[in-house]
């Protein structure tokens, strides 16, 4: 298949490989300096000890680690407990499906929810490429609802719903990343969360809530949409890639909605996701689940507690980045160049507005002539936009790298602005 | 979604839960009595030592285990080496995509290969439900080519191809399990392997070869279709669920075909699979890959060597089952009842023919009144058939269970035959 998003992502990968000495603000991956191989063994042993304490036999413990296991996952009770402890999300374990990362949760959810040709997925835009990529793979064309500097406006969502309905299509769900969004870094205010839930109820719309950065961010957390959800309008998409580690490939969906299948029987959406999962990956690795379970047990379900140091690291790198930007691009120079950026309260990303087209050609010049790599924001707009935007990821760099990188970026921006 | 295969599989699961005391010849899962939790840690450490010996830095080793890693997988060189050592399959590492079990390899392969509405998947029938389920999930209707007692006939495949072409459809690929097939237990003779490759070349057909049981079976192995493939007609689908353990959820596809994408660029089929994978599961767990890599390193790529004891176990249980059947259903009684079975040379399964409808109602009576569970063969026929067939899985039971179970089965068969 040829997909514009995949093609541009490939370009970014090629640039990264071609200029290994460049400082890269591109990858949105977690910092791994705090990881230790022994943690993995400790987590697995902790989970196996837990099974033994629960009265599981040696044969049962062996089976839990080595065999296939249930399609919907082995550690749903622990995840449900953690969602209660950490997020005030009260759902039965049966409404959870453990998936191969959050990506599979997205894929399964879209596959089950979008059955009719006229079903439309709204996405807060700019948007994570994983959701738009999965949608396109399934033949679902995402419809962008453009986010403002202060986030998504429910009035815009209302308009988008009306436009789609008028065109004979059915808005089925809206995808949002309420906390420290990838790519923009924007957080949805509490008022908008309530408004969006009301809107969803009025229009029989589901909300797909993806929030991988909130538990690795410092400061007060706003409630998740799912914790505010009284009408089962929210499918919460979970990831342990940032809170534990990506290599486990464990995520989950909370899908407590009642659905009616084509045979007219009603059941949980989670059960429908599991049925599809059985034909995609059979089940999520019990070994990966064991590691995650061990981490959940270690923190008594408060996975946020495990991430105090990590959250501090990300807070530091984000603040350092902002400080460096302020220093190399002080207000007067900023205004003269026509450059600006936002100040996210957490997460991995911030966005810059620049007075030139921040496209692949600009990225190539930036890497070659200035030794600094970033991600064009246009990658994240499913229906066009963001041509003058740059995403910076601050999650993976040291203070020295950030300092040099931002200095180089300022030089590149000055040069590109003069040319434009 | 409602799928007849999933619904019947659910019935089997319910029966198994409802009669926990019944002896079950249903699950096709590997025997786990030879597994030991410490093996997992040893395998991971062996892989990490291997990386260190290759000159990888501590940071690089940490990254290899904890981070996302390449979409197509981290251990492709080791898998390519193992395919050379164990199977005489000579392919570059670049043609391999590491997947979340063989199921994801099937799913990705079908997704990429079947792009036109008129594309048809032929399946040797009875067939593994994973391939027909994945096909239906993708809107591909499988076309059955009925297998005989001695396996698939290429003349039948020729007819099926002609029928499809005449109807304006395009046979794109045929799915086969050449060795000790699930569910029938049949092995494809060498002559048929060569004929099928010739046929595939003549009709521009790809062969999807799935062979999870061959390296855990005793005796001489016939060459894989892929090792005989001189024209890149075979996509080899690999599984480590039986040779290492299912809980790792690691499989792979060997896809060395050249394909042209919608933008007109040519590349490896493997690259196209990886692109789709990035939107389904992002990548296969590096932790799971590390365990498999450790097992491959332990055996210098000859994963079959690791399975001597396991293969002996499966050989014993299969022979015990056949011996028990011979004893409780001797030739005269067998003939009177109209019962027969095949004698597979390896694998997990054998099939019985019975003189009554071996449907869900019969299964329920067998479980309730006789305390023995089996799988109706009709589950495995995508377009009908197998109504008087029973699949027995022999992989997971002890000798005592087999002895009691076969005695109960004979009683059930006698009772059901008299009623019919």
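Residue numbers (our numbering), protein chains in the order written: chain A, 33 to 452; chain B, 33 to 452.
Cβ coordinates follow ideal geometry from the N, Cα and C atoms, glycine included.
The structure presented is a predicted model; accordingly, all values stated were derived computationally and were not measured.
Compare the C-alpha of residue i against each of the options and name the closest.
i                      : options                    : result
residue 417 of chain B : B:389, B:110, B:149        : B:389
residue 262 of chain B : B:65, B:121, B:89, B:85    : B:121
residue 443 of chain A : A:401, A:235, A:148        : A:401
residue 110 of chain B : B:251, B:446, B:333        : B:333
residue 275 of chain B : B:346, B:224, B:287, B:226 : B:346
residue 51 of chain B  : B:419, B:403, B:90         : B:403
residue 127 of chain A : A:387, A:305, A:395        : A:305
residue 115 of chain A : A:259, A:204, A:440, A:395 : A:259
residue 149 of chain A : A:166, A:391, A:164, A:173 : A:173
residue 119 of chain B : B:231, B:254, B:63, B:365  : B:254
Excluding five sequence neighbours on each side, which residues of the same chain lie with their C-beta closer than 7 Å to the C-beta of residue i?
i                      : result
residue 292 of chain A : 298
residue 313 of chain A : 132, 136
residue 396 of chain A : 47
residue 235 of chain A : 193, 203
residue 339 of chain A : 247, 248, 275
residue 308 of chain B : 140, 143, 144
Might you give, ordered along the chain, the residues of its own chain that have their beta carbon closer than 8 Å to the beta carbon of residue i, omitting 5 neighbours on each side?
i                      : result
residue 34 of chain A  : In this predicted model, residue 34 of chain A has a pLDDT of only 49, less than 50, meaning its place in the structure is not dependable; the value taken from the coordinates is given anyway. Nothing meets the Cβ criterion.
residue 228 of chain B : 184, 186, 189, 206, 208, 220, 239, 257
residue 374 of chain A : 181, 216, 217, 218, 382, 383
residue 24 of chain A  : One cannot answer for residue 24 of chain A here, as it falls past the ends of chain A, which runs 33 to 452.
residue 170 of chain A : 139, 142, 143, 146
residue 348 of chain A : 431
residue 249 of chain A : 211, 212, 343, 346, 347, 377, 378, 379
residue 88 of chain A  : 96
Tell me which residues share the same chain as residue i and place their Cβ nearer than 6 Å to its Cβ, disregarding the 5 neighbours each side in the sequence.
i                      : result
residue 295 of chain B : none
residue 350 of chain A : 426
residue 178 of chain B : 157
residue 242 of chain A : 209, 269
residue 310 of chain B : 103
residue 440 of chain A : 402, 403, 404
residue 244 of chain A : 271, 274
Do residue i and residue j have their CB atoms nearer than 8 Å?
i                      : j                      : result
residue 449 of chain A : residue 357 of chain A : no
residue 78 of chain A  : residue 247 of chain A : no
residue 107 of chain B : residue 129 of chain B : no
residue 155 of chain B : residue 414 of chain B : yes
residue 301 of chain B : residue 132 of chain B : no
residue 72 of chain B  : residue 83 of chain B  : no
residue 25 of chain A  : residue 445 of chain A : Only positions 33 to 452 of chain A appear in this structure, which leaves residue 25 of chain A out of reach.
residue 278 of chain B : residue 61 of chain B  : yes
residue 251 of chain B : residue 378 of chain B : yes
residue 160 of chain A : residue 214 of chain A : yes
residue 152 of chain B : residue 223 of chain B : no
residue 435 of chain A : residue 66 of chain A  : no
residue 320 of chain B : residue 75 of chain B  : no
residue 125 of chain A : residue 117 of chain A : no
residue 123 of chain A : residue 391 of chain A : no
residue 193 of chain A : residue 237 of chain A : yes
residue 386 of chain B : residue 371 of chain B : yes
residue 54 of chain B  : residue 399 of chain B : yes
Under three-state DSSP, which class holds residue i?
i                      : result
residue 188 of chain A : helix
residue 344 of chain A : helix
residue 292 of chain A : strand
residue 437 of chain A : helix
residue 399 of chain B : helix
residue 131 of chain A : strand
residue 33 of chain A  : In this prediction, residue 33 of chain A scores a pLDDT of 46, lower than 50, which makes its location untrustworthy; the coordinate-derived value is nonetheless stated afterwards. Coil at residue 33 of chain A, not helix or strand.
residue 271 of chain A : strand
residue 276 of chain A : coil
residue 319 of chain B : helix
residue 225 of chain A : helix
residue 358 of chain A : helix
residue 203 of chain B : strand
residue 156 of chain B : strand
Could you tell me whether any non-hydrogen atom of the ligand GTP is closer than 7 Å to the CB of residue i?
i                     : result
residue 77 of chain B : With respect to the ligand GTP, the structure shown offers nothing to examine, as it has no ligands at all.
Residue i touches chain C at which residues, Cβ-Cβ below 7 Å?
i                      : result
residue 317 of chain B : Checking the listed chains, one finds no chain C in this structure; the protein chains it contains are A and B.
| Okay, do the segment 193–204 of chain B and the segment 407–416 of chain B touch, 3+ Cβ pairs below 8 Å being the bar? | no
| Do the segment 43–56 of chain B and the segment 88–108 of chain A make contact, defined as three or more Cβ pairs closer than 8 Å? | no
| Three or more beta-carbon pairs under 8 Å between the segment 270–285 of chain A and the segment 133–140 of chain B, yes or no? | no
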